[in-house]
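Presented below is the structure to which this report refers.
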Amino acid sequence: MTKTICAIATPPGQGGIAVIRISGSDSLKIADTVFSKNVYAFKTHTAHYGHIQNPDGELIDHVLLLPMLAPKSYTGEDVIEIHCHGGLMAQKVLKTILNAGAHPAGPGEFTFRAYINGKMDLCQAEAVQALIGAKNTAALQAANTQLEGALSQKIQAFQAQLADTAAILEAWVDFPEEGLEFASLEETIRHLEETKQQMEKLECTFADGKIISEGINLCLIGAPNVGKSSLMNLLLGHERAIVTHLPGTTRDTLEDDLQIGNLHFRITDTAGIRKTDEIIEKQGIIRSQKSLSLADLILLVLDTTRELTDEERQLLKTLDPQKTILMWNKIDIAPVTSTLDTFSYQTQISAKTGQGLDNLKSLIEKAVLKTGELSKDQVLLTEERHYQALKRSIQALSDLISGLNSNISAEFLSSDMRACLLELSSICGTDVTEDILTAIFSKFCVGK
Ligand SMILES: Nc1nc2c(ncn2[C@@H]2O[C@H](COP(=O)(O)OP(=O)(O)O)[C@@H](O)[C@H]2O)c(=O)[nH]1
Ligand SMILES: [Mg+2]
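Structural data, given as structure tokens:
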């Protein structure tokens, strides 16, 4: 019998209501001790008004109580939810329930129980945490798709596609004298190659999945007075940064949240990079360089009204063209006369008139998303753990295919196949160690 656990499931701080969750075989007993009515008499999935009280009858709070009996609950155990008042009162109600015999829940313990009781597999459990922590609608969408089981289904499909070959290889190891019973070796290899390609396609989605789930850092850099701050304001749609005609106006880095399409960005405006002895500006430039090194995507602003300076040419050499968009600014004054071949992302803009803004936004999306536009229910890998396991699985499959091509012995082939299948099942959590589970659920918040 497992312990009955209890925690506040809503965020800390003031709030109209807080939700307290109790789960385990003693849920009803404990709830009955603290609630003013007979909890045993309630039908499952119904709501009841009453109050929480101390053993000596002192009224603590007026609440709604909802029993959700096993197995039809989040954890698969008997669950009681109590909706009480938020803030300090929630702490007081929690304490009363703990005094009645419940144990404080650890991080992710409710979801862990849901996983153990087969309510969801491991990648769905991880999606719960991703869903709660999502910083933008694209991340929310990706987590939701995983929670619905789309990633699990993909992994299961790979497993199913490999099953026949795995069975033949195992039989061959057991009865080597029988020889390999493939209908056609070429056909089998083709079939495995096909599965490998599908697995690689999923692997590639991690580039986008990671960026979406972690948020994207954009950094505006360039020489003084090219229009970085004006462009920051234009992108944000309000006057966030101070703009003047004086070089060196922006001395510190400025950050803000920016939404383009359904992607979320953190945008940073920086001090113009140039040689200076001015002490504050110098510090600002050090900060610019730090932001630059942390950026996922760099927006380098150039001024079309003048030639590139030596400093700018120098700076250009240090930038990764895959991570940089060249923004030729001030096209309202002068047209763009030169482009730089090494950079595939270039755009023309006027921070003053807003001309070219839509192009810039689509270019940012294009530069950030490696798999092209995100479709609504596209399955994206967002967890490093899943990515690494899939990568190892693909490697094992690749070894298996080369082994088949070069007639190596059955033991090696079947061991590659086993490794490949084991890595796949670790994603959904059928073959995972205690350590991995601890690592996953310790990242959760208490109450989930
Ligand atoms: N005509 C014109 N002026 C601009 C444009 N962008 C910026 N400026 C002007 O250039 C000067 C420097 O702009 P600012 O945004 O402070 O540049 P920063 O030093 O790179 O941040 C200001 O006087 C702006 O009004 C533009 O696209 N067209
Ligand atoms: Mg500025």
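In terms of the numbering used here, the numbers along the sequence shown are unbroken and rise by one, the last being 458.
Beta carbons: idealized from backbone N, C-alpha and C, even for Gly.
query, result
"Where does the unbroken alpha helix (DSSP H) through F120 begin, and where does it stop?", "E119 to I126"
"Leaving out five residues on either side along the sequence, give the residues of the same chain with a beta carbon under 6 Å from the beta carbon of G232.", "K238, L310 and V311"
"If I'm right that L245 touches I277 with Cβ under 8 Å, what's the distance once you round it to whole angstroms?", "7 Å"
"Would you mind working out which of G67, P65 and N48 sits nearest H58, comparing C-alpha positions?", "N48"
"Which term fits A344, buried or exposed, when burial requires 16 or more other beta carbons within 10 angstroms of its beta carbon?", "exposed"
"Look at K340 and D313 and say whether their C-beta atoms are less than 7 Å apart.", "yes"
"CB of K292 to nearest heavy atom of ligand 2: below 6 Å?", "no"
"Any idea if H93 is buried or exposed, counting beta-carbon neighbours within 10 angstroms, 16 or more meaning buried?", "buried"
"Between the region 103-117 and the region 23-34, do at least 3 Cβ pairs fall closer than 8 Å?", "yes"
"L104 by DSSP, collapsed to three states: which one?", "helix"
"Ordered along the chain, which non-local residues of its own chain (more than five positions away) have a Cβ less than 8 Å from that of T286?", "G258, K292 and I295"
"Would you list the one or two residues that DSSP bridges to H93?", "V29 and L74"
"To test your reading of the DSSP string, which unbroken alpha helix (DSSP H) runs of 4 or more residues are found completely within the region 362-448?", "367-378, 394-415 and 420-438"
"Is any non-hydrogen atom of ligand 2 found closer than 6 Å to the C-beta of S239, if you look at the structure I gave you?", "yes"
"Under 8 Å: do the region 437-455 and the region 129-148 share three or more Cβ pairs, one atom per stretch?", "yes"
"Using a threshold of 7 Å, state whether the C-beta atoms of L414 and D426 are closer than that.", "no"
"Taking I359 as part of the beta strand (DSSP E), name the residues at either end of that continuous run.", "Q356 to I359"
"Quickly, what does DSSP pair G232 with across the bridge? List them, please.", "V311"
"Would you list the residues sitting across from G60 in a DSSP beta bridge?", "V73"
"Do Q358 and G364 have their beta-carbon atoms positioned less than 7 Å apart in this structure?", "no"
"To test your reading of the DSSP string, which unbroken alpha helix (DSSP H) runs of 4 or more residues are found completely within the region 221-293?", "238-246"
"Just verifying my parser: in three-state terms, what is the DSSP assignment at N154?", "helix"
"What do you reckon, are the CB atoms on M209 and F168 nearer than 7 Å?", "yes"
"Which residues does DSSP pair with L336 in a beta bridge?", "L310 and Q356"
"Have a look at S530 and T215 and give me their C-alpha separation to the nearest angstrom.", "In this structure the chain extends from 11 to 458, so residue 530 is not present and cannot be described."
"Ligand 2 and T259: does the residue's C-beta get closer than 6 Å to at least one heavy atom of that ligand?", "yes"
"Grab the span of the alpha helix (DSSP H) containing I142 for me, first residue to last.", "L132 to G143"
"Going by the CB atoms, is the gap between N227 and D330 shorter than 7 Å?", "no"
"Hey, could you find the ends of the beta strand (DSSP E) I15 is sitting in?", "I15 to I18"
"Find the nearest neighbour of A100 within the set L423, D88 and G23, judged by alpha-carbon distance.", "G23"
"Taking just the CA atoms, how far does M242 sit from Q163?", "42 Å"
"Do you know offhand how far T349's Cα is from R428's?", "53 Å"
"Go through its chain and collect everything with a Cβ distance to G20's Cβ below 8 Å, but skip five positions before and after it.", "Reading the sequence as shown, one finds Thr at residue 20 and not Gly. Correct list, in chain order: I27, A28, V29, G96, A100 and G457."
"At what residues does the alpha helix (DSSP H) containing R316 begin and finish?", "Note, R316: premise wrong, no alpha helix (DSSP H); not H, not E."
"Given 8 Å as the limit, is there contact between the region 140-157 and the region 261-273, that is, 3 or more CB pairs closer than that?", "yes"
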